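A quick write-up on the structure given underneath.
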Amino acid sequence: MSRSSVGSIVHFLGLGDLRISILLLLTAIFGLSDTLSGQSVCCGQSHQERTELRAGISVGGIGKLGLTLELRRDSRSINLNLATFTQNDLGMAVTLRQYFGNGTLQPFAGVGLWGAKQFSNDPEETSGTSFLARLPLGVDWRLPGPDHSIAGNVALNRAIYVKKSPSLITPNDNPRRIVPLPQFSYHYTLRNPPT
Numbered sequence: 691m692s693r694s695s696v697g698s699i700v701h702f703l704g705l706g707d708l709r710i711s712i713l714l715l716l717t718a719i720f721g722l723s724d725t726l727s728g729q730s731v732c733c734g735q736s737h738q739e740r741t742e743l744r745a746g747i748s749v750g751g752i753g754k755l756g757l758t759l760e761l762r763r764d765s766r767s768i769n770l771n772l773a774t775f776t777q778n779d780l781g782m783a784v785t786l787r788q789y790f791g792n793g794t795l796q797p798f799a800g801v802g803l804w805g806a807k808q809f810s811n812d813p814e815e816t817s818g819t820s821f822l823a824r825l826p827l828g829v830d831w832r833l834p835g836p837d838h839s840i841a842g843n844v845a846l847n848r849a850i851y852v853k854k855s856p857s858l859i860t861p862n863d864n865p866r867r868i869v870p871l872p873q874f875s876y877h878y879t880l881r882n883p884p885t
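This is the structure in structure tokens:
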């Protein structure tokens, strides 16, 4: 094995601790989810899957205020969130979630990608772009009534790619650190499509 390939393997393993953690978390969440949620299908039996489309608003997380859309099938979902911190930026996150349990209070875990773009009118300062990996852990509470729910989560975010103005970079700035951000959201079920 050449010295450069050994160096690249060492480089991957040195930076790969997050990648390995994400891979293990994905395996645990999506590979063992039926066992963890208590659902089992055997001997040709099947359980009725429930599909719903939920829309709502979010506070915190990828922005001060945002819109969220979630397509949920049984205990898994894909969540799209658009949000902004100020008028000069826009963030979009796509997150896969796994819900546990069947009660009105359901914990969830997930993995996703958050992209953010900052716009600048100042010619001295360029706009910025970033992509972050996110691991949300939270709980969803179905309120009394068929269509309303609220949720809260803390997402662990880590930068994958950051491009920002040199004037914004400080000598001790570490864009690769893990940053926890809380988020609260309200969802309304738009429809329950047939499965």
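Position 173 (the sequence shown) corresponds to 863 in this note's numbering; numbering is contiguous. In this text, a Cβ means the ideal position worked out from N, Cα and C, and glycines have one as well. These figures come from a predicted structure and were not determined experimentally.
Can you grab the Cα-Cα spacing for the pair residue i / residue j, in whole Å?
| i | j | result |
| --- | --- | --- |
| F798 | A849 | 22 Å |
| Q873 | A841 | 8 Å |
| P822 | A806 | Position check: residue 822 holds Leu in this sequence, whereas Pro was assumed. Cα-Cα distance, rounded: 8 Å. |
| R766 | G793 | 15 Å |
| D830 | L871 | 17 Å |
| S875 | K854 | 29 Å |
| R740 | D764 | 5 Å |
| L786 | L827 | 11 Å |
| G800 | Q788 | 6 Å |
For residue i and residue j, which I take to be in contact (beta-carbon distance under 8 Å), what is that distance rounded to the nearest angstrom?
| i | j | result |
| --- | --- | --- |
| I747 | T758 | 7 Å |
| N843 | I868 | Contact doesn't hold; Cβ gap of about 15 Å is too wide. |
| R824 | A845 | 5 Å |
With a 10 Å radius around its C-beta and 16 neighbouring C-beta atoms as the bar for buried, classify residue i as buried or exposed.
| i | result |
| --- | --- |
| G751 | buried |
| Q729 | Reliability fails at Q729, whose pLDDT of 48 lies under 50, so the model's placement of it is uncertain and the value that follows must be treated cautiously. With fewer than 16 Cβ atoms within 10 Å of its Cβ, Q729 is classed as exposed. |
| G781 | buried |
| Y851 | exposed |
| R881 | exposed |
| T819 | exposed |
| C733 | A caution first: C733 carries a pLDDT of 44, below 50, which makes its placement in the model too unreliable to give a value. |
| T776 | exposed |
Just to confirm my understanding: we take residue i, look at its own chain, exclude 5 residues before and 5 after, and list those with CB closer than 6 Å. What are they?
| i | result |
| --- | --- |
| A783 | I752, N771, G802, W804 |
| D779 | Q808 |
| S817 | Q808, F809, S810 |
| L743 | L761, L880, R881 |
| H877 | R744, G746, S839 |
For residue i, collect the residues of the same chain with a Cβ closer than 8 Å to its Cβ; drop the 5 residues on either side in sequence, then sort them by chain order.
| i | result |
| --- | --- |
| L755 | I747, S748, V749, A773, T774 |
| P836 | T879 |
Between which residues of its own chain and residue i is the CB-CB distance below 7 Å, once the five residues before and five after are set aside?
| i | result |
| --- | --- |
| Q735 | With a pLDDT of 43 at Q735, under the threshold of 50, the modelled position of this residue cannot be trusted; read the value that follows with caution. Same-chain partners within the cutoff: there are none. |
| L833 | S839, I840 |
| L795 | V829, W831 |
Worksheet item: Curious, which full-length beta strand (DSSP E) runs of at least 3 residues does the stretch 808-852 contain?
Response: 818-832
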